[in-house]
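To keep things clear, I will list the structure first and then write my remarks on it.
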């Protein structure tokens with residue numbers, strides 16, 4: 004129980020990005036679905052246990068922030084409606 008509570012909204016955000024891109028793309032508006040992956044926030048560290056457990060899976064919030072800043076300054080490189088894995092962007096630009 005609980006996995007569907009997480010997955011259903013995630014799928015909805017994906018479809019929302021696609022639909023907004025379709026509806027407003029001709030107006031120059033780019034709609035992106037940004038997926039950060041596991042981020043090592045204080046709450047995640049409490050829920051997941053020792054920092055070592057989180058460190059092996061998640062990234063610090065600053066890394067995700069850097070990836071978002073990169074996307075915002077290079078938004079024309081992305082296709083409206085696209086889903087972007089922020090940890091992959093962070094790797095591509097040398098943050099990971």
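In the numbering used here, the protein residues as written are 4 to 99. Glycine included, each C-beta is placed from N, C-alpha and C at the ideal position. Remember, predicted model here, so these are calculated numbers, not experimental data.
Whether residue 62 touches residue 99 by CB criterion (8 Å): Against a cut-off of 8 Å, the Cβ pair of residue 99 and residue 62 comes out as a contact.
Three-pair Cβ contact test at 8 Å for the segment 30 to 50 versus the segment 75 to 88: yes
CB contact flag (residue 67, residue 42, <8 Å): Yes; because the gap between Cβ atoms is below 8 Å, this pair is in contact.
Closer than 7 Å: residue 95 CB and nearest the ligand COA heavy atom: What this structure holds is no ligand at all, so the ligand COA is not there to describe.
Buried versus exposed, by CB contacts within 10 Å (16 or more), residue 52: exposed
C-alpha distance - residue 83 paired with residue 74, whole-angstrom precision: 12 Å
Contact belief for residue 78 with residue 33 at Cβ below 8 Å, rounded distance in angstroms: 5 Å
Residue(s) in a DSSP beta bridge with residue 87: 37
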